[in-house]
Structure formats: structure tokens, C-alpha cells
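Asks:
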Amino acid sequence: KVNFSIREIAYRYLEQLVSTYEETANLVILQNTSVVYLEKVESSHSMRISTLVGGDKPLYCTAVGKAMIAYLPHSILDELLNKIEFKKYTYNTIQNKESLLKSLEGVRKKGYAEDHEELEIGLHCIAAPIFNQYKIPFAAISVSGPVTRMNDSICMEIGNTLVKLAQEISEKLGYVR
476 KVNFSIREIA YRYLEQLVST YEETANLVIL QNTSVVYLEK VESSHSMRIS TLVGGDKPLY
536 CTAVGKAMIA YLPHSILDEL LNKIEFKKYT YNTIQNKESL LKSLEGVRKK GYAEDHEELE
596 IGLHCIAAPI FNQYKIPFAA ISVSGPVTRM NDSICMEIGN TLVKLAQEIS EKLGYVR
């Protein structure tokens, strides 16, 4: 039931992101040590990032995964980190718990997460967490594009927009700051 309502609520926000930034937008949920894609709206560029709804990716090397786990209570985060089997996908993949924890500190400072070619060469993704009424992150929204179009200033703008929109979605799902 919650997955259906979050998909319904988030869809227009994904459309808004694609219309504003002309890059692919996704909605994902956390599942064990993975993220699962619930919904997407693709960019109209011929060179675009395409994700598979229902598909999963490791959480430690994706912006969506890092956005969610950065805000988990410490006990849950510790338990989760101990289950992760770190695998190198690119030259930029996080490969241990210490590096991941350092990356999560940065996420908490900015309010959003980035994955700069950590899972795939050429892919840059920015994401912000969605919280439930118990203040636990359980989903995230993201914008993904080729690194050639994702410069620092656009990434910062997208990140700040994602934080604002994720907050609105969270509030519609019962989250109170």
C-alpha cells in the first residue's frame, strides 16, 4: 500500500524534475543492502540514463542508497554496513566501510548525495531521501545524467531542488519535521 501511494505522490515530482533539468528522474526504495527502482521518468535526450523499474543496485555506490542510509539511526546503519559486500565497479567505487562513513558525513552536511561514476563510468547521479512518519528514510528521489552534462553548479542546483521536493513528498506521507 505504501509503495503504491508513494509512487502516486512522487510521480508528478519526477515529471517536474525531468521538465526542469532534462535528465532522468527516479524513485527508489531501500531493500536490505540494495536500492530498488519503483518509478522513473526518462529524459528525452537520445543520450540518457535508462533505469529498469523493479531492478536493483547496491546501495553503497549509488546516490540514492547513500542518501537514504546517511540518515538511518546508528544501530540500524551499523547492522546494515556489516552486511555489505563491497565490490569494485569503477575506479571511483567506494570499497570499504570507513570510506562509506566518510561519504555519508558529506551527505548529511549537504542534505543530498552524489554518485560520480561510482557504479558506472559516465554516470552522475544526485539524490535526496524521503522520510516516513517515524523520521526514518525509506525511499529517495534522484536525477541521473551523463557526466558531460552534470557540472558542479548544475549538480548543486539539482541537489538543493531534490532536498526541497523530497521534503514535500515526506510531509505528504506523514513526516513532521
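476 is the number of the first residue of the sequence shown in the working numbering; add one for each residue after it.
Every residue gets a Cβ at the ideal spot worked out from N, C-alpha and C, and that includes glycine.
Between which two residues does the alpha helix (DSSP H) containing Q506 stretch?
Replies: For the purposes of this step, residue 506 is taken as the residue at position 31 of the sequence shown. Note, Q506: premise wrong, no alpha helix (DSSP H); beta strand (DSSP E) at 499 to 506.
Asks: For a quick check, are the C-beta atoms of I616 and N501 less than 8 Å apart?
Replies: One-based indexing of the sequence shown puts residue 616 at position 141. One-based indexing of the sequence shown puts residue 501 at position 26. Yes.
Asks: When you compare the CB positions of G620 and T526, do they come within less than 8 Å of one another, or not?
Replies: Residue 620 sits at position 145 when you count from the first residue of the sequence shown. Residue 526 sits at position 51 when you count from the first residue of the sequence shown. For G620 and T526, no; Cβs fall outside 8 Å.
Asks: Give me the Cα-Cα distance between V528 and L489, rounded to the nearest whole angstrom.
Replies: Translated into the one-based positions of the sequence shown, residue 528 becomes position 53. Translated into the one-based positions of the sequence shown, residue 489 becomes position 14. Looking at the two C-alpha atoms, the distance is approximately 14 Å.
Asks: Based on DSSP bridge pairs, tell me the residues matched to D531.
Replies: Within the sequence shown, residue 531 is the residue found at index 56, counting from 1. Bridge partners of D531: V511.
Asks: Given that a residue counts as buried once 16 or more other Cβ atoms are within 10 Å of its Cβ, and exposed if not, what is T636?
Replies: Start at 1 with the first residue of the sequence shown, and residue 636 comes out as number 161. Buried, since its Cβ has 16 or more Cβ neighbours within 10 Å.
Asks: Skipping 5 residues on each side, what residues in its chain have a beta carbon closer than 8 Å to that of L547?
Replies: Locating residue 547 in the sequence shown gives position 72, counting from the first residue. For L547, where only same-chain residues beyond five positions count, the Cβ hits under 8 Å are L555, I611, P612.
Asks: Can you give me the start and stop residues for the alpha helix (DSSP H) that I633 sits inside?
Replies: Stepping through the sequence shown from its first residue, residue 633 is reached at position 158. 627 to 647 is the extent of the alpha helix (DSSP H) around I633.
Asks: CA-CA distance, R624 and R652?
Replies: On the sequence shown, position 149 is the one that residue 624 refers to. On the sequence shown, position 177 is the one that residue 652 refers to. In a straight line, the C-alpha of R624 is about 34 Å away from that of R652.
Asks: Take S645 as the anchor and find which of N626, A614, E573, E632 has the nearest alpha-carbon.
Replies: Mapped onto the sequence shown, residue 645 falls at position 170. Ranking the options by Cα distance to S645, first place goes to A614.
Asks: Is the CB-CB distance between E497 and S519 below 8 Å?
Replies: Position 22 of the sequence shown, counted from the first residue, corresponds to residue 497. Position 44 of the sequence shown, counted from the first residue, corresponds to residue 519. Yes.
Asks: Buried or exposed: where does K476 fall if 16 or more other Cβ atoms within 10 Å of its Cβ makes it buried?
Replies: Counting from one through the sequence shown, the residue named residue 476 turns up at place 1. With a pLDDT of only 47 at K476, under 50, the local geometry of the prediction cannot be trusted, and the value read off the model is given with reservation. Counting Cβ neighbours within 10 Å, K476 comes out exposed, since fewer than 16 surround it.
Asks: Is the Cβ-Cβ distance between G634 and K585 less than 8 Å?
Replies: Position 159 of the sequence shown, counted from the start, is the residue given in the question as residue 634. Position 110 of the sequence shown, counted from the start, is the residue given in the question as residue 585. Yes, the pair counts as a contact, with Cβ atoms nearer than the cut-off.
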